[in-house]
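Protein chains: 2
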Amino acid sequence: MLYIVGLGPGSKNLMTQEALDVIKKVHTIVGYITYIHLVESMLNGKEVITTGMRGEIKRSQKALEIAATGKDVAIISSGDAGIYGMAGLVLEVASKMDQQIDIRVVPGITASIGAAASLGAPLMNDFCHISLSDLMTPWEVIKKRVDAAAKADFVICLYNPRSKGRPNNLREALDIILQSKSENTIVGIGKDVARKHEIEKITTIRDLDVTEVNMTTIVIIGNKNTYVSNGRMITPRGYTL
Amino acid sequence: MLYIVGLGPGSKNLMTQEALDVIKKVHTIVGYITYIHLVESMLNGKEVITTGMRGEIKRSQKALEIAATGKDVAIISSGDAGIYGMAGLVLEVASKMDQQIDIRVVPGITASIGAAASLGAPLMNDFCHISLSDLMTPWEVIKKRVDAAAKADFVICLYNPRSKGRPNNLREALDIILQSKSENTIVGIGKDVARKHEIEKITTIRDLDVTEVNMTTIVIIGNKNTYVSNGRMITPRGYTL
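Listed below in structure tokens is the structure:
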């Protein structure tokens, strides 16, 4: 049996009971080294297989091969495995194999939801997830989505907002958003959510310092009703108080 | 201390460790009766305060009042409390009080993520959450968002897709989506995810029977690349296999 497990943002605290149970019971754990560290205390006696960054296809094949021998295997992602994680790829690789393997996707707390809880309640109305990584999606498609989301006043969660290889995508996305949203729109950022040096910050599109944003940051841009109260970012659901 | 706790879709299995710990330790639990049932086995000796549906404002006030006396209180939602749940409302009510109360939002697995894991991996590329309930958001705004999301080829998760009071919103939304997406676009539905009579179904926009959809159903409409393999709904991330 192969389990594709989302570990949540980073602390055991935010893992689901099922994810904890699966990690405890499996014989083999496959994952990128950073994710292996997240479950280090639970690895006792297990076979652990790691590959470097961008080794996703290899990891998927390896995990499926081992599961095919009858062992219980967990392939792990941070956040939710089905959101920019390993679930899709593993299922795609599995669909090309001759042998059918039992697979269970174990859901996890994705970064936006973890960050939102620490920031307040920014996702109380309709929202989008957009990854600003153009490694696998053309930048033109991403820009079109950013524009559509801003025009319809969605709350917008930006994943992979900025990295050394893509220093300008966030700035470009914000400029597109500013064509439809006010520069006073509230922005929340969550960095290393549920990890040791977690940082939250609430600001506006105008005052956001993009150089503070990196790959482990999630950026949440409010809708026109989003406001700040007692240091919390709140998107009203629409109740009349 | 007031904890706003998302219980996940319905089974203890998908609660986070923190949610379980909080429910165990608090003195008082406040919630709509259906949510109280979800944690029934953990209520031993606790004060339990329930109100009926649409009692959200009262519940928030009550929970805050009790927390103000120094007790540890949990106010519970299903799914994630910050997504169409109780978190925003509680923070809004709290911001109008004189006394400042310590509040912690405990994130949970929201319905779309729970359903996605059971369906396969439909959320591997950019997606939106849209609630089709027009109780608190004007229907014109919702329709605009549905249209924008479809035009930019987002995967679309529809919350509150259909109820007795709103039998036609889903049909209307699908008709808007069909202006931009093909009628062969894959649709996954998850009904009562992680509960006793859970049902998943994968179909297309054309073949979706809207009468099968109710308030405890989540509808996930794929993007143009979403496909079905081995009975799983997969939206490719973009890897070349």
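These protein sequence lines map, in sequence, to chains E and A.
Position 221, counted from 1, in the first sequence is what the working numbering calls 788; the numbers after and before it change by one each time, with no gaps.
Position 37, counted from 1, in the second sequence is what the working numbering calls 604; the numbers after and before it change by one each time, with no gaps.
Beta carbons: idealized from backbone N, C-alpha and C, even for Gly.
| Item | Value |
| --- | --- |
| Should H604(E) go down as buried or exposed, given a rule of 16 or more other Cβ atoms within 10 Å for buried? | exposed |
| Please classify M653(A) as buried or exposed, where buried requires at least 16 other C-beta atoms within 10 Å of its C-beta. | buried |
| Are I642(A) and L658(A) closer than 9 angstroms when you measure CB to CB? | no |
| Name the chain A residues that come within less than 8 angstroms of N797(E), Cβ to Cβ? | L658, A661, S662 and Q667 |
| Going by C-alpha distance, which of G575(A), K629(A) and S608(A) is nearest T617(A)? | K629(A) |
| Output, in chain order, the set of chain A residues within a Cβ distance shorter than 8 angstroms of E623(E). | Y806 |
| Shorter than 9 angstroms from the beta carbon of P689(A) to some beta carbon of chain E? | yes |
| Just checking my contact of D693(E) with H696(A) at CB under 8 angstroms: how many whole Å lie between their CB atoms? | 6 angstroms |
| What residue from K592(A), T636(A) and A648(A) has the CA that sits closest to G573(A)'s CA? | A648(A) |
| Given a cut-off of 9 angstroms on the beta-carbon distance, is the pair I785(A) and A678(A) in contact? | yes |
| With 9 angstroms as the limit, tell me which residues of the segment 688 to 712 of chain E have their beta carbon closer than that to any beta carbon of chain A; keep them in chain order. | A688, P689, L690, M691, N692, D693, F694, C695, H696, I697, S698, L702, M703, T704, V708, I709, K711 and R712 |
| Thinking C-beta only, is T583(E) closer than 9 angstroms to I676(E)? | yes |
| I'd like to know if L587(E) contacts chain A, where contact means its C-beta is closer than 9 angstroms to some C-beta of that chain. | yes |
| Using a beta-carbon distance below 9 angstroms, is K763(A) in contact with chain E? | no |
| For the segment 772 to 799 of chain E, which segments carrying the beta strand (DSSP E) assignment without a break, of at least 3 residues, lie completely within its bounds, in sequence order? | 784 to 788 and 794 to 796 |
| Answer with buried or exposed for L656(A), where buried requires no fewer than 16 other C-beta atoms within 10 angstroms of its C-beta. | buried |
| Per DSSP, which residues does A688(E) bridge with? Please list them. | I801(E) |
| When you compare only the Cα positions, how much space is there between R738(A) and Q746(A)? | 13 angstroms |
| Could you work out which residue in N781(A), T770(A) and D588(A) is closest to V754(A) when comparing CA atoms only? | T770(A) |
| In this structure, how does DSSP classify Y726(A) when only helix, strand and coil are distinguished? | strand |
| Taking CB distances under 9 angstroms as the criterion, tell me whether Y651(E) reaches chain A. | yes |
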